[in-house]
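Read the structure below first, then the notes.
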Amino acid sequence: MQNMEELYELIKQRKATPKKGSYTDYLFTKGLDKILKKVGEESTEVIVAAKNPGDDELTYETADLLYHVLVLLVERGVSFDQIKQELAKREGKMSDYKDRPEINNL
Numbered sequence: 001m002q003n004m005e006e007l008y009e010l011i012k013q014r015k016a017t018p019k020k021g022s023y024t025d026y027l028f029t030k031g032l033d034k035i036l037k038k039v040g041e042e043s044t045e046v047i048v049a050a051k052n053p054g055d056d057e058l059t060y061e062t063a064d065l066l067y068h069v070l071v072l073l074v075e076r077g078v079s080f081d082q083i084k085q086e087l088a089k090r091e092g093k094m095s096d097y098k099d100r101p102e103i104n105n106l
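For the sequence shown, the positions run 1 to 106 when full-length UniProt numbering is used.
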């Protein structure tokens, strides 16, 4: 079973050494706008799947979203370690929702 770091490294390798005809190569060839569009689409599909009964669709769509987010990180040159470091900075920190500013522009 592949973990997220291994998948990130595989995607990074595929960007450096494209495998012609692969979906990953297609995304990198199309560029940032296509990758962002796919992240947006997959995010919406995760939300819809979460509202439906059962876990199969949610699992499937979440896998798609995570893959596309990793492609985005590789495209932008953000390392998986940077994400882990950011999460580590948040570890043990709690904030009350009342401390957060309200979003009024919706």
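In this text, a Cβ means the ideal position worked out from N, Cα and C, and glycines have one as well.
Extent of the continuous alpha helix (DSSP H) to which residue i belongs
i     : result
Gln82 : Phe80 to Arg90
Gln13 : Met4 to Ala16
Ser43 : Leu32 to Lys51
Cβ-based neighbour list, residue i, same chain, cut-off 7 Å, excluding 5 preceding and 5 following
i     : result
Thr24 : Ile11, Arg14 and Val71
Nearest residue (CA-CA) to residue i, options the options
i     : options                       : result
Leu36 : Lys51, Ala63, Asp56 and Arg76 : Arg76
Val69 : Lys89, Asp33, Asp55 and Gly92 : Asp33
Distance between beta carbons of residue j and residue i, contact taken as under 8 Å
i     : j     : result
Leu66 : Met4  : 7 Å
Lys20 : Leu27 : Not confirmed; about 13 Å, so no contact.
Glu42 : Ala49 : So it is not a contact: roughly 10 Å between Cβ atoms.
Per-residue DSSP class, three states only, for residue i
i     : result
Asp56 : helix
Neighbourhood of residue i by C-beta, 6 Å cutoff - its chain only, sequence neighbours within 5 removed
i     : result
Val46 : Glu61, Thr62 and Leu65
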